[in-house]
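Only one structure is covered here, and it is reproduced in the block below.
Protein chains: 4
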Amino acid sequence: MTFLNRQGIEGLVVIGGNGSQTGANALSLKGFPVVGVASTIDNDLYGSETTLGVDTALNIALEAIDRLKVTASSHQRAILVEVMGRGCGYLALMTGIAGGAETIILPEVETNPEEVAKELREAYQRGKSHALVVVAEGAYYNARRLEQYFQEHRELGFELRITILGYVQRGGTPSACDRLLGTRFGSAATDCLARGEHGVLIGLLQGRIAVTPLSEVVSKKKPLDLTLWRMAHVLAR
Amino acid sequence: MTFLNRQGIEGLVVIGGNGSQTGANALSLKGFPVVGVASTIDNDLYGSETTLGVDTALNIALEAIDRLKVTASSHQRAILVEVMGRGCGYLALMTGIAGGAETIILPEVETNPEEVAKELREAYQRGKSHALVVVAEGAYYNARRLEQYFQEHRELGFELRITILGYVQRGGTPSACDRLLGTRFGSAATDCLARGEHGVLIGLLQGRIAVTPLSEVVSKKKPLDLTLWRMAHVLAR
Amino acid sequence: MTFLNRQGIEGLVVIGGNGSQTGANALSLKGFPVVGVASTIDNDLYGSETTLGVDTALNIALEAIDRLKVTASSHQRAILVEVMGRGCGYLALMTGIAGGAETIILPEVETNPEEVAKELREAYQRGKSHALVVVAEGAYYNARRLEQYFQEHRELGFELRITILGYVQRGGTPSACDRLLGTRFGSAATDCLARGEHGVLIGLLQGRIAVTPLSEVVSKKKPLDLTLWRMAHVLAR
Amino acid sequence: MTFLNRQGIEGLVVIGGNGSQTGANALSLKGFPVVGVASTIDNDLYGSETTLGVDTALNIALEAIDRLKVTASSHQRAILVEVMGRGCGYLALMTGIAGGAETIILPEVETNPEEVAKELREAYQRGKSHALVVVAEGAYYNARRLEQYFQEHRELGFELRITILGYVQRGGTPSACDRLLGTRFGSAATDCLARGEHGVLIGLLQGRIAVTPLSEVVSKKKPLDLTLWRMAHVLAR
Numbered sequence: 001m002t003f004l005n006r007q008g009i010e011g012l013v014v015i016g017g018n019g020s021q022t023g024a025n026a027l028s029l030k031g032f033p034v035v036g037v038a039s040t041i042d043n044d045l046y047g048s049e050t051t052l053g054v055d056t057a058l059n060i061a062l063e064a065i066d067r068l069k070v071t072a073s074s075h076q077r078a079i080l081v082e083v084m085g086r087g088c089g090y091l092a093l094m095t096g097i098a099g100g101a102e103t104i105i106l107p108e109v110e111t112n113p114e115e116v117a118k119e120l121r122e123a124y125q126r127g128k129s130h131a132l133v134v135v136a137e138g139a140y141y142n143a144r145r146l147e148q149y150f151q152e153h154r155e156l157g158f159e160l161r162i163t164i165l166g167y168v169q170r171g172g173t174p175s176a177c178d179r180l181l182g183t184r185f186g187s188a189a190t191d192c193l194a195r196g197e198h199g200v201l202i203g204l205l206q207g208r209i210a211v212t213p214l215s216e217v218v219s220k221k222k223p224l225d226l227t228l229w230r231m232a233h234v235l236a237r
Numbered sequence: 238m239t240f241l242n243r244q245g246i247e248g249l250v251v252i253g254g255n256g257s258q259t260g261a262n263a264l265s266l267k268g269f270p271v272v273g274v275a276s277t278i279d280n281d282l283y284g285s286e287t288t289l290g291v292d293t294a295l296n297i298a299l300e301a302i303d304r305l306k307v308t309a310s311s312h313q314r315a316i317l318v319e320v321m322g323r324g325c326g327y328l329a330l331m332t333g334i335a336g337g338a339e340t341i342i343l344p345e346v347e348t349n350p351e352e353v354a355k356e357l358r359e360a361y362q363r364g365k366s367h368a369l370v371v372v373a374e375g376a377y378y379n380a381r382r383l384e385q386y387f388q389e390h391r392e393l394g395f396e397l398r399i400t401i402l403g404y405v406q407r408g409g410t411p412s413a414c415d416r417l418l419g420t421r422f423g424s425a426a427t428d429c430l431a432r433g434e435h436g437v438l439i440g441l442l443q444g445r446i447a448v449t450p451l452s453e454v455v456s457k458k459k460p461l462d463l464t465l466w467r468m469a470h471v472l473a474r
Numbered sequence: 475m476t477f478l479n480r481q482g483i484e485g486l487v488v489i490g491g492n493g494s495q496t497g498a499n500a501l502s503l504k505g506f507p508v509v510g511v512a513s514t515i516d517n518d519l520y521g522s523e524t525t526l527g528v529d530t531a532l533n534i535a536l537e538a539i540d541r542l543k544v545t546a547s548s549h550q551r552a553i554l555v556e557v558m559g560r561g562c563g564y565l566a567l568m569t570g571i572a573g574g575a576e577t578i579i580l581p582e583v584e585t586n587p588e589e590v591a592k593e594l595r596e597a598y599q600r601g602k603s604h605a606l607v608v609v610a611e612g613a614y615y616n617a618r619r620l621e622q623y624f625q626e627h628r629e630l631g632f633e634l635r636i637t638i639l640g641y642v643q644r645g646g647t648p649s650a651c652d653r654l655l656g657t658r659f660g661s662a663a664t665d666c667l668a669r670g671e672h673g674v675l676i677g678l679l680q681g682r683i684a685v686t687p688l689s690e691v692v693s694k695k696k697p698l699d700l701t702l703w704r705m706a707h708v709l710a711r
Numbered sequence: 712m713t714f715l716n717r718q719g720i721e722g723l724v725v726i727g728g729n730g731s732q733t734g735a736n737a738l739s740l741k742g743f744p745v746v747g748v749a750s751t752i753d754n755d756l757y758g759s760e761t762t763l764g765v766d767t768a769l770n771i772a773l774e775a776i777d778r779l780k781v782t783a784s785s786h787q788r789a790i791l792v793e794v795m796g797r798g799c800g801y802l803a804l805m806t807g808i809a810g811g812a813e814t815i816i817l818p819e820v821e822t823n824p825e826e827v828a829k830e831l832r833e834a835y836q837r838g839k840s841h842a843l844v845v846v847a848e849g850a851y852y853n854a855r856r857l858e859q860y861f862q863e864h865r866e867l868g869f870e871l872r873i874t875i876l877g878y879v880q881r882g883g884t885p886s887a888c889d890r891l892l893g894t895r896f897g898s899a900a901t902d903c904l905a906r907g908e909h910g911v912l913i914g915l916l917q918g919r920i921a922v923t924p925l926s927e928v929v930s931k932k933k934p935l936d937l938t939l940w941r942m943a944h945v946l947a948r
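The following block contains the structure:
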């Protein structure tokens, strides 16, 4: 802080997720003017319904799924895609819904591999031309574990072909949504600093810019909306 | 309507913009169960802050601008992109903001070509490496008219190189946003029909599904938010 | 040249098309060690069957056509795309063949708008779901002229919806082909300089790196292979 | 064959790789008119320097690498991408060269994980902002094995973040190259059948359509050009 002062820096905008905002809050508590901007592809930050980077990461995952479906429909095997999100299943859930997955595996919901195999079998019996599983990297049954389980249990009847997107989802040209959100967030953050409002996070709530105290942001958890998970199950039928 | 009844059709979901929803409203007034879904890349439909297709069209326009900037920065000429939107400048405005245009020309705001040339000159003087103009197809000075004006007024000092996106913006793989919005709209529309709520449009207001009477949708106009246009001018500096 | 010597520059690699290579040849005639690398999206350079940038430009044009076909097939109007290439029809021809155009208009072949309308009509009669015209910017009937002709001759029965790609084709992330070709060209050019072979162009002939004297490159013309144009006509049936 | 005859089928074009062409050859030996078309993303088919699908697969891999480099340059860890190709390292080699990988691991060349770590360390010492490894799925040290090795040998000093593309590389919109090659291959194959030339494969040699007896295709191996592998090492410096 004294370092920042000596450099002639009078305020700071911290763009990031839980880790960065925890640091931002600590700096703010010491009296330095800090404004946070909600940015993480994991979308697990309290104070913003969606965060910078999520839309770009979703588009990258969907592009992969579009490509996978070509093969999925020509071979009778199951395709498994592991997406990012650390402990949060948001990216996997949205990817699964928008990509038309048969099964979605989340850290927030317990998964039984036997149940996964049953859902894949039923999908084929209903005449589906592909069997697609989307897995969050933070789920206990991530790509590697599920692959191994199916290899050790041949009686499940599916060979899993896995794709692990990894950091591919963190790069790429930002999407239109993310560019516009970034512009609005950046504009709101500098406005905040200019009018002397500090120690807050700029986020999006109900489609509007929202300002939430950093102390609240770092102490509360944003739960995953599981009604969407139930909708995904209805859609997969 | 009697035709629909004879076919055993008990309800209708009409996906479209002003034209389609005017038809939907007429059918509804005759007593047939109709629910509209807000869908047009022009984003000029009352009852929905954003409509299906807008996000995909925006991403396509931005991809074009990213490519144009490569040349823009290597030649000292101005690049002009005409985007769709009919009488509405929404697509052009958002494209211009997210793409970092020096000037945006909208149907809703009167444009002076001399002023455009002045803004391009000033951009170069401020050290900008490209001079990019985004034009809405519905503006009086659309791509063809502006190109001609600059050809007839050589003293303006800019050769305009034009790109007209045209129907390219209406195609393409739908973006993540549009797929998720389509899923939510579709789900809400069938829920409406199921519970006997007709003659309404499913749209998005404040990030939430909103239901608006079709009679209101077809009789009211959604104005363009010109505070964004002013923000675009600040950003271009 | 004395300028180059004074800067300690001992050799030059000139990456470009006819204009740049004419300069390279002039410099070479004065005795300075120059090696050219065949690079232009127009693909009109003698000494190389394909040039750097062509593959990227083709992919961009095809992406546009894929998007246009979505609309083309839902409306009964003709879609027209103007692609780059200056006086050379190569890009338009390849775009038209790979994109499945009904008609291709080139600078090298005289075009009759009445004939274009006839081909579009016949395409619909054969049950084609879209009517797509690809036009080279250097053709007499480019997008603007053909649009005007069809507007003034309503009896032709087609409303043309135009897309002009313009400089969009010159930007973009380079394709795999262009990156690998660039690597091979660059490697061959430095090898040439190192072994004292100057005044030549590095190009690709029959899938192999080929070295051609710059004097020949700048004095000869590479004609367009019109057997491909005839193949395009057969494919459009 | 009698089945084909009964269906009124007089000739067959078999599009595929080694497996499909072995079947094509067997059918041909029984006297049925068959022409093969060289198509596999593995590019391991004798009789064609490049095969249908390779260019599309390469572009998909490079797109992933472009996205990975964004993160690679912001964290000090190594990024590993596993690409397809079964027993053939062609896709990995070309991806590595065009994508600027520090290290490429192929089935055709023995790999020492200690050596990989050394190359990554040296890349950082030379000031490279990313450390990228491309691995062929058919190499002994594929993504999973190399990840495990680095986990068990912490002293190597690198945390590997892996991406496995898997079947993502087999889907996608075909690239311009592949569409044009497909058009040429298809045209040549039907010409062959029409003039009564059977039991051959249509491929590409030295940039020209080439016809090779299927018996030769299925009995010979196409070796990987390892001069390219050595060039990759020079480029990585």
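Protein chains in written order, with this note's numbering: chain B, 1 to 237; chain V, 238 to 474; chain G, 475 to 711; chain D, 712 to 948. Glycine included, every Cβ here is placed at the ideal spot set by N, Cα and C. Note that the structure is predicted; figures quoted are calculated from it, not measured.
Tell me, which residues are paired with residue i by DSSP?
i              : result
residue 687(G) : 674(G)
residue 571(G) : Answer is none; residue 571(G) lacks a bridge partner.
residue 260(B) : Because chain B here runs from 1 to 237, residue 260(B) falls outside it and cannot be looked at.
residue 955(D) : For residue 955(D) there is no data in the structure shown, the boundaries of chain D being 712 and 948.
residue 252(V) : 274(V)
residue 183(B) : According to DSSP, residue 183(B) bridges with nothing at all.
From the DSSP output, in three-state form, read off residue i for me.
i              : result
residue 483(G) : coil
residue 650(G) : helix
residue 542(G) : helix
residue 944(D) : helix
residue 846(D) : strand
residue 496(G) : helix
residue 36(B)  : strand
residue 765(D) : helix
residue 476(G) : helix
residue 822(D) : coil
Within 10 angstroms of its Cβ, does residue i collect 16 or more other Cβ (buried), or is it exposed?
i              : result
residue 471(V) : exposed
residue 112(B) : exposed
residue 247(V) : exposed
residue 530(G) : buried
residue 476(G) : exposed
When you compare only the Cα positions, how much space is there between residue i and residue j?
i              : j              : result
residue 657(G) : residue 174(B) : 28 Å
residue 619(G) : residue 92(B)  : 50 Å
residue 940(D) : residue 826(D) : 16 Å
residue 498(G) : residue 693(G) : 13 Å
residue 570(G) : residue 438(V) : 41 Å
residue 762(D) : residue 679(G) : 19 Å
Comparing alpha-carbon positions, which option in the options lies nearest residue i?
i              : options                        : result
residue 927(D) : 719(D), 743(D), 889(D), 733(D) : 733(D)
residue 162(B) : 746(D), 862(D), 854(D)         : 854(D)
residue 830(D) : 790(D), 875(D), 713(D), 842(D) : 842(D)
residue 316(V) : 268(V), 366(V), 335(V)         : 366(V)
residue 256(V) : 425(V), 404(V), 304(V), 274(V) : 274(V)
residue 6(B)   : 156(B), 47(B), 135(B), 32(B)   : 32(B)
residue 170(B) : 756(D), 818(D), 777(D)         : 777(D)
residue 844(D) : 726(D), 933(D), 779(D)         : 779(D)
residue 490(V) : 186(B), 232(B), 227(B), 212(B) : With chain V covering only 238 through 474, there is no way to say anything about residue 490(V).
residue 557(G) : 429(V), 401(V), 450(V)         : 401(V)
**Request:** Identify each residue in the region 506 to 534 of chain G for which the Cβ-Cβ distance to at least one residue of chain E is less than 8 Å, and report them in chain order.
**Result:** Included in the structure are the protein chains B, V, G and D, with no chain E among them.
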